[in-house]
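Mapping of the sequence shown onto the working numbering: residues 17 to 303, in sequence order.
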Amino acid sequence: MQERLAQVRAAVQAELDRAIGALPPGDLRDAMAYAAHGGKRLRAFLVMESARLHGVSDDAALPVAAAVEALHAYSLVHDDLPAMDDDDLRRGQPTVHVKWTEATAILAGDALQTLAFQLLTDPRIGAAEAQMRLVAALAQASGAAGMVWGQALDIAAETAGTPLDLAAITELQGGKTGALIRFAATAGARIAGEDPAALDRYAEALGLAFQIADDILDVTGDETVTGKRVGKDAGAGKATFVSLLGLDGARAEARRHVAVSIDALAAYGAAAGNLHELARFVIERDT
17 MQERLAQVRA AVQAELDRAI GALPPGDLRD AMAYAAHGGK RLRAFLVMES ARLHGVSDDA
77 ALPVAAAVEA LHAYSLVHDD LPAMDDDDLR RGQPTVHVKW TEATAILAGD ALQTLAFQLL
137 TDPRIGAAEA QMRLVAALAQ ASGAAGMVWG QALDIAAETA GTPLDLAAIT ELQGGKTGAL
197 IRFAATAGAR IAGEDPAALD RYAEALGLAF QIADDILDVT GDETVTGKRV GKDAGAGKAT
257 FVSLLGLDGA RAEARRHVAV SIDALAAYGA AAGNLHELAR FVIERDT
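If you want it as structure tokens, here you go:
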């Protein structure tokens, strides 16, 4: 898996560099390029592997992988803003609003979001019907019924000052973190016009495992390794999977979701080996 992940990282970075490099020069373009550089690229990997499972070439899937990473980068830029999570460190570097200004960060996020949808119109993807399926699915995953909805729930909980219970956190993270992961994992089926249900089940469980691992890293991680501040959730009094379940309970819950995700791939057999490994990787990572 690691070799394939490295290949995906390099290809997606080159695709994003090409798309952003074609824009007019200035602070906006520079901030977009800065925000879109680096990262684990797990969402892009999901796109590329789900495409491979459905006989879709890497060349056709690459614009979709770049699109989901551009959308993810936008979400991080906006989440880091003072009005949101107020973070000053991302991927081991100053956040965009710290390096430039809040206004530039807002605009860079806006532009990365629209770039994502532009990338989904790339003719390499194939038929217009496939492109439209992807546009509709990404809009659903990223908007007021998906990622943005999850962020709104998070802000509302902080404003109310009332810690959420486990069901509410699961619902919140299903939008904030899980919706984009589900889009990425089902993208290959959508390109091919095939049923995405099994990959959607896989991604739902994977997204929860990923978020639980993030909550664990906020308690146990080293910010020189994670590249972002740790201990923020406890400092803010936020309810997390760890605060509700304890470290051992959270680890057990993450392992349970990994098992569910792997079971969902049974119909794909050995061809889904990289996705099996990814599910295990998300709870073993240190970043």
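We put the CB at the ideal spot given by N, CA and C, even for glycine. It should be emphasised that the depicted structure is a prediction, and the values quoted were computed from it without experimental measurement.
* Measure the alpha-carbon distance for I141 versus A132 and round it to whole angstroms. => 14 Å
* If you pair each beta-carbon of the segment 192-205 with each one of the segment 70-83, do three or more pairs fall below 8 Å? -> yes
* **Rounded C-alpha distance that separates T193 from D43** => 29 Å
* Answer with buried or exposed for L215, where buried requires no fewer than 16 other C-beta atoms within 10 angstroms of its C-beta. => buried
* **Residues bridged to R106 (per DSSP)** => Q109
* To do: Take M64 and list the residues in its own chain whose beta-carbon comes closer than 7 Å to its own, dropping the five residues that flank it on each side.
  => So the qualifying residues of the chain are V24, D74, A77 and A81.
* In terms of residues, what are the limits of the alpha helix (DSSP H) holding P79? -> D74 to D95
* Using a threshold of 7 Å, is the CB atom of D302 nearer than that to any non-hydrogen atom of the ligand HEM? -> Among the components of this structure there are no ligands whatsoever, and the ligand HEM is therefore not found.
* Asked: Taking one C-beta from the segment 48-59 and one from the segment 30-37 each time, how about it: are there three or more such pairs within less than 8 Å?
  -> yes
* Close-in-space but distant-in-sequence residues of the same chain around F61 (CB under 7 Å, 5 per side omitted) -> L21, V24 and L294
* **Backbone CA spacing between Q129 and L150 [nearest angstrom]** => 14 Å
* Under three-state DSSP, which class holds D181? -> coil
* **Sub-8 Å separation of A219 and V112 beta-carbons** => no
* Three-state secondary structure (DSSP) at T120? -> helix
* Which ranges does the alpha helix (DSSP H) cover as unbroken runs of at least 4 residues, wholly within the segment 17-65, from first to last along the chain? -> Secondary structure within the segment 17-65: the alpha helix (DSSP H) runs of 4 or more consecutive residues, fully enclosed, are 18-37 and 43-51 (chain order).
* Integer Cβ distance of R301 from A229, believed to fall under 8 Å -> A Cβ-Cβ separation of about 7 Å places R301 in contact with A229 under the 8 Å criterion.
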